[in-house]
Structure formats: C-alpha cells, structure tokens
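As structure tokens, the structure follows; a few thoughts come after it.
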Amino acid sequence: MRRTRDDAEATRESLLDAALIVFSRQGYEATRLEDIAEEAKVTRGAIYHHFGGKAQLFQALTRERFAAANAALGRALSSGGAPLNALHTLMLESFDLLARDPQYRAMQEIILFHTPLTPELAEGLAAKRDGARALADALADLIRQGIAQGDVRPSVEPADAAVAAIGLLNGVMAMWLFDPEGFSLSSRAAGIVDVFVDGLRS
456 MRRTRDDAEA TRESLLDAAL IVFSRQGYEA TRLEDIAEEA KVTRGAIYHH FGGKAQLFQA
516 LTRERFAAAN AALGRALSSG GAPLNALHTL MLESFDLLAR DPQYRAMQEI ILFHTPLTPE
576 LAEGLAAKRD GARALADALA DLIRQGIAQG DVRPSVEPAD AAVAAIGLLN GVMAMWLFDP
636 EGFSLSSRAA GIVDVFVDGL RS
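Numbering (our numbering), first residue to last: 456 to 657.
Structure below.
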C-alpha cells in the first residue's frame, strides 16, 4: 500500500514538473493536456485522475510551486527586530528567490506573461489577488510600527508605502524577467531595496 501511495505521489509531482516546463514553453492557452502527459511520460488519464483538468492542474501548480517562496517571505515578514529591517529583508528575499530559484522564476514568468484572464482560472487569480492584499496589509502594519518607533517619517502614509513597495517588487521583477541581460538582479537588488527603504526613514 505504501508503495502505491509513493508511486501516486511521484506521478503527481512528475505531472507538476512537466506542467511547469510546458506552460513555460507554450503558455497556458496553447498547452494541451496531451503535451503535459507526453512531457511527463504518462497518459492523459493520469492528469484527470490527479487534478481533474488543465485549469485545476494550473491552480495546483501555482499554489504548490509558490508555497516555499511564500513561506520564506512569511519568515522574513515575521523575523522581528526593527520594522524597516524586516521590510528590507522581505524585499531583498523576494529578489533573491527570483534570481536563485528556477521554478519560482518560471512560475513568475508564466503568471506575468503567459496566463490569460479566463473564467476557468478565476479561482486561482482571486487567490493571488487575496494574497497581494494580505501582503499589502502586512507591509502597512510594518510601516505603522516604524512610525510609532520613530524610524519612519510620520508623514508617510502606511497604505501608500505598502502599495509602492509591492509595485517596486513587481516592476523590477517584470523588468528583469523580460530582459535578464539588461541588468544583474543579484548584484543590484540590495541597492534597489536600499533606495526605497532609505526614503522612508525619519
């Protein structure tokens, strides 16, 4: 029985890995279940068994391949210490993840450049929006703490600073993914984050 469970889990992981490769290569709309099955060297029926269909597979891929990254960012957010240090750590970790983790990078490319706003993906996109809003709220709380401790200028509106931080992260990520030869994210990430965080200091 254990062997059967292990085999099933291995097949599921193989399908997720194959889906990441094919979605990256062809985009969501152009990808057929047959393409993923061929990449994973399984039958199309295995996809239906484990996921139900293409949209469900894509949503599982998004959820599970972002899980480790989200956990790392959560640890950075709750690392304690000075609020601006936590903000700096979170932003730098976001860029570091993109530069060093090929699966995280591939998922970001798929989401940014290869995913249509279709009804069948509404659930997954709604979850992504909810996650972005939760991050904005958490960053705004950090800024409020920084203001209360005297580290952040009192004229800073926490909600505005949170949106600006997320906008900077998304913008730099999109720029680098679109043209990775244009600048070195690894070498410039700290300076980019410093410019933003130093602008908040009192």
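Just so you know, even glycine gets a beta-carbon here, dropped at the ideal spot from N, CA and C. Given the structure is predicted, the values throughout are model-derived calculations rather than measurements.
Buried or exposed by the 16-neighbour rule on C-beta atoms within 10 Å, applied to residue i
{"i": "GLN604", "result": "exposed"}
{"i": "PHE550", "result": "buried"}
{"i": "GLY622", "result": "exposed"}
{"i": "ALA485", "result": "exposed"}
{"i": "MET628", "result": "buried"}
8 Å Cβ cutoff, residue i in contact with chain B
{"i": "LEU567", "result": "Absence of chain B from the displayed structure is noted, only one protein chain being present."}
Closest Cα partner of residue i within the set the options
{"i": "GLY482", "options": "ALA465, MET562, ASN525 and GLN511", "result": "MET562"}
{"i": "PHE641", "options": "ASP585, ASP649, ALA593 and LEU547", "result": "The question names Phe, but residue 641 in the sequence shown is Ser. The residue with the shortest Cα to Cα distance from SER641 is LEU547."}
{"i": "GLY626", "options": "ILE647, GLU636 and ASP615", "result": "ILE647"}
{"i": "ILE565", "options": "ALA463, ASP585, VAL477 and GLU464", "result": "VAL477"}
{"i": "PHE521", "options": "ARG643, GLN558, LEU632 and ALA474", "result": "GLN558"}
{"i": "TRP631", "options": "ALA554, ARG588 and VAL611", "result": "ALA554"}
{"i": "LEU516", "options": "LEU528, LEU552, THR570 and PRO538", "result": "THR570"}
{"i": "ALA582", "options": "SER657, GLN514 and ALA537", "result": "GLN514"}
{"i": "ALA589", "options": "ALA492, GLY535, ASP462 and LEU528", "result": "LEU528"}
Alpha helix (DSSP H) segment containing residue i, residue limits
{"i": "ALA541", "result": "538-555"}
{"i": "GLN604", "result": "It is not in any alpha helix (DSSP H) - GLN604 carries neither H nor E in the DSSP assignment."}
{"i": "LEU572", "result": "Unbroken run through LEU572: none, as it is neither H nor E."}
{"i": "PRO609", "result": "That residue, PRO609, is in no alpha helix (DSSP H); it is neither H nor E in DSSP."}
{"i": "PHE521", "result": "509-532"}
C-beta contact flag for residue i and residue j at 8 Å
{"i": "LEU655", "j": "VAL607", "result": "yes"}
{"i": "LEU470", "j": "ALA495", "result": "yes"}
{"i": "THR459", "j": "HIS505", "result": "no"}
{"i": "PRO609", "j": "ILE598", "result": "no"}
Those runs of the alpha helix (DSSP H) which lie wholly inside the stretch 465-505 and span at least 4 residues: The qualifying runs are 488-495 and 499-505.
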